[in-house]
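Quick notes on the structure that follows.
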Amino acid sequence: MKFYRKVLIVIIILLFLYIIWNFLKKRVKNIMRNDEGFESLPAAVSETTGVTSSTPVTIKSLSNKFADQPLRQYVIKGSYNSAVSGSYVSTDMIKYVLTRGCRFLDFEVFLINDDNGKPQAQVAYSTDSTFNTIDTNNSILLDDALTTVVTNAFASPSPNGSDPLFINLRVKSNDPSIYSLVAASVDFHLKTSLYRGKVTNNTTMSSLLGKTVLLMDKTVKRSYADDCHCAKKAQSCYDLTKYINMESGGDNLFIQKYGDLLNQNSIQINILDKCDRCTDIANMRLVVPDGTKQNPIIDDFITQYGSQIVPYRFYISDKGLRNYESMFDNNKCAIIPLSYALTYIKKM
Numbered sequence: 194m195k196f197y198r199k200v201l202i203v204i205i206i207l208l209f210l211y212i213i214w215n216f217l218k219k220r221v222k223n224i225m226r227n228d229e230g231f232e233s234l235p236a237a238v239s240e241t242t243g244v245t246s247s248t249p250v251t252i253k254s255l256s257n258k259f260a261d262q263p264l265r266q267y268v269i270k271g272s273y274n275s276a277v278s279g280s281y282v283s284t285d286m287i288k289y290v291l292t293r294g295c296r297f298l299d300f301e302v303f304l305i306n307d308d309n310g311k312p313q314a315q316v317a318y319s320t321d322s323t324f325n326t327i328d329t330n331n332s333i334l335l336d337d338a339l340t341t342v343v344t345n346a347f348a349s350p351s352p353n354g355s356d357p358l359f360i361n362l363r364v365k366s367n368d369p370s371i372y373s374l375v376a377a378s379v380d381f382h383l384k385t386s387l388y389r390g391k392v393t394n395n396t397t398m399s400s401l402l403g404k405t406v407l408l409m410d411k412t413v414k415r416s417y418a419d420d421c422h423c424a425k426k427a428q429s430c431y432d433l434t435k436y437i438n439m440e441s442g443g444d445n446l447f448i449q450k451y452g453d454l455l456n457q458n459s460i461q462i463n464i465l466d467k468c469d470r471c472t473d474i475a476n477m478r479l480v481v482p483d484g485t486k487q488n489p490i491i492d493d494f495i496t497q498y499g500s501q502i503v504p505y506r507f508y509i510s511d512k513g514l515r516n517y518e519s520m521f522d523n524n525k526c527a528i529i530p531l532s533y534a535l536t537y538i539k540k541m
């Protein structure tokens with residue numbers, strides 16, 4: 194056989210192997226990233242079922258009568274890493290936390306290429322400070338996550354569809370292009386329900402009823418806003434800063450981790466004489482998990498520090514989570530006056 198024919202055969206074999214390898218790689222990505230829309234992986238469904246509580250919630254929407262105070266005067270039931278069920282992320286888990294009455298949702302957002310090499314904003318979970326790897330076995334499109342939110346948060350089976358919904362985004366990428374992608378998803382899915390204007394800890398709760406409030410965690414990258422602005426000649430660019438209502442980690446919503454807060458001196462919180470829903474709390478605080486493997490008991494976060502948002506990991510079924518849910522169930526609401534939470538805990 195002539196030499197050039199041998200070379201040609203080798204090239205054909207290599208090309209065939211490359212095509213097969215590329216096909217298999219795409220199949221694996223389709224499975225691992227759940228790119229086929231809302232059909233969750235069997236393992237993810239099983240995992241979500243494993244953390245599902247059989248105890249019914251007794252939560253209802255906040256009455257207008259009790260919504261006349263500033264945002265900082267309320268304790269809000271929340272979920273941390275709301276799409277995570279353990280090793281997987283899924284839209285089923287988002288639906289689940291909404292059925293438990295959670296009105297503060299939290300998502301980590303990454304820039305992950307699809308099968309064609311196109312960057313997509315996707316939801317996952319990672320402990321990698323470089324944002325290059327994810328810890329979960331899959332990721333889901335931010336588009337799918339937000340679609341699930343808007344179609345379930347304000348209607349049955351969510352028990353409190355008239356309550357405001359707070360969505361906290363932690364954008365974890367070193368590529369500035371992610372902000373435009375996130376903004377495009379927000380524009381398409383949340384624009385009609387999104388509160389118009391900035392929200393502060395002094396915004397009256399009644400003005401937020403039935404609305405979505407978008408929060409951006411600025412502690413991930415404090416200069417994120419510099420990467421959000423569109424070039425003057427850009428034809429299809431979305432500026433994320435125009436959609437953000439509030440920054441977590443900013444002046445209106447402090448962020449602290451469990452241990453960092455509990456190691457600080459406690460503060461005195463007084464219920465005022467002028468109304469039973471009023472306290473002298475001056476600031477608003479979001480308290481997030483640290484390296485602990487369990488959900489904490491909520492009591493000290495509220496009675497010692499007046500923490501308004503302490504989102505729990507609903508993928509960890511433990512005493513701390515049961516205690517947390519009981520507080521809201523006993524008060525019949527997922528958004529309760531801080532004064533009521535103080536009174537409830539002190540009576541327990």
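In the numbering used here, the protein residues as written are 194 to 541. Backbone N, C-alpha and C fix where the C-beta goes; we use that ideal spot for every residue, glycine too.
| query | result |
| --- | --- |
| In angstroms with no decimal places, state the Cα-to-Cα distance between Thr397 and Pro263. | 4 Å |
| Could you tell me the distance, in whole angstroms, from the CA atom of Gln315 to the CA atom of Asp493? | 35 Å |
| Considering only the beta carbon of each residue, do Gly499 and Ile474 sit closer than 8 Å? | yes |
| Could you pull the start and end residues of the alpha helix (DSSP H) that Asn488 belongs to? | From DSSP, Asn488 is part of no alpha helix (DSSP H); its letter is neither H nor E. |
| What did DSSP end up calling Asp299 once you bin it into helix, strand or coil? | strand |
| Report all residues from its chain with a CB closer than 6 Å to the CB of Pro423; omit the five preceding and five following residues, and keep chain order. | Position check: residue 423 holds Cys in this sequence, whereas Pro was assumed. Excluding sequence neighbours, Cys423 sits near Cys430, Asp432. |
| Please give me, in chain order, every unbroken run of the beta strand (DSSP E) with length at least 3 that falls completely inside the stretch 239 to 272. | 267 to 269 |
| Terminal residues of the continuous alpha helix (DSSP H) containing Asn361? | Per DSSP, Asn361 belongs to no alpha helix (DSSP H); it is in the beta strand (DSSP E), 358 to 364. |
| How many Å lie between Val250 and Gly294 at the Cα? | 8 Å |
| By Cβ distance, which residues of its chain are closer than 8 Å to Arg198, with the 5 residues on each side in sequence left out? | none |
| Identify every run of the beta strand (DSSP E) within the stretch 491 to 540, keeping only runs that are complete inside it and at least 3 residues long; order them along the chain. | 528 to 530 |
| Are Lys253 and Cys526 closer than 8 Å when you measure CB to CB? | yes |
| Could you name the residues of the same chain whose beta carbon sits closer than 7 Å to that of Ser150, not counting the 5 residues immediately before and after it, in chain order? | This structure does not reach residue 150, given that the chain is present from 194 up to 541, and the question cannot be answered. |
| Ends of the beta strand (DSSP E) at Ile448? | 447 to 450 |
| Going straight from the alpha carbon of Ser519 to that of Thr292, what length do you get? | 15 Å |
| State buried or exposed for Ala346, treating a residue as buried only when at least 16 other CB atoms are found within 10 Å of its CB. | buried |
| Hey, out of Ser399, Tyr436, Tyr211, Gln428, whose CA is closest to Leu141's CA? | The first residue shown for the chain is 194 and the last is 541, placing residue 141 beyond what the model contains. |
| What is the DSSP secondary structure of Leu401, counted as helix, strand or coil? | helix |
| Are the stretch 385 to 400 and the stretch 448 to 458 touching by the rule of at least three beta carbon pairs closer than 8 Å? | no |
| Can you give me the C-alpha to C-alpha distance between Tyr281 and Asn331, rounded to a whole angstrom? | 6 Å |
| Could you give the DSSP three-state label for Ser283: helix, strand or coil? | coil |
| Is the CB-CB distance between Ser319 and Phe303 below 8 Å? | yes |
| Whole angstroms are fine: how far does the CA of Asn274 sit from the CA of Cys421? | 23 Å |
| Should Val406 and Asn438 be called a contact, given that it needs their Cβ atoms to be closer than 8 Å? | yes |
| Relative to the alpha-carbon of Ile462, which residue among Ser532, Asp419, Val290 has its alpha-carbon at the smallest distance? | Ser532 |
| Can you find the residues in the same chain that come closer than 7 Å, C-beta to C-beta, to Asp511, ignoring five residues on each side of it along the sequence? | Gln487, Asn488 |
| For Ile206, does the three-state DSSP call read helix, strand or coil? | helix |
| Going by the beta-carbon positions, is the gap between Tyr267 and Gln449 smaller than 8 Å? | no |
| By the DSSP assignment, the beta strand (DSSP E) with Val542 in it spans what residues? | Nothing can be reported for residue 542, as the shown portion of the chain is limited to 194 through 541. |
| Given this structure, state the Cα-to-Cα distance separating Leu335 from Lys540, to the nearest angstrom. | 42 Å |
| Quick check on DSSP: helix, strand or coil for Pro482? | coil |
| Sort Glu440, Asp356, Val343 by Cα distance to Lys384 and report the nearest one. | Val343 |
| Using 8 Å as the threshold, is the C-beta distance between Leu255 and Ser272 below it? | no |
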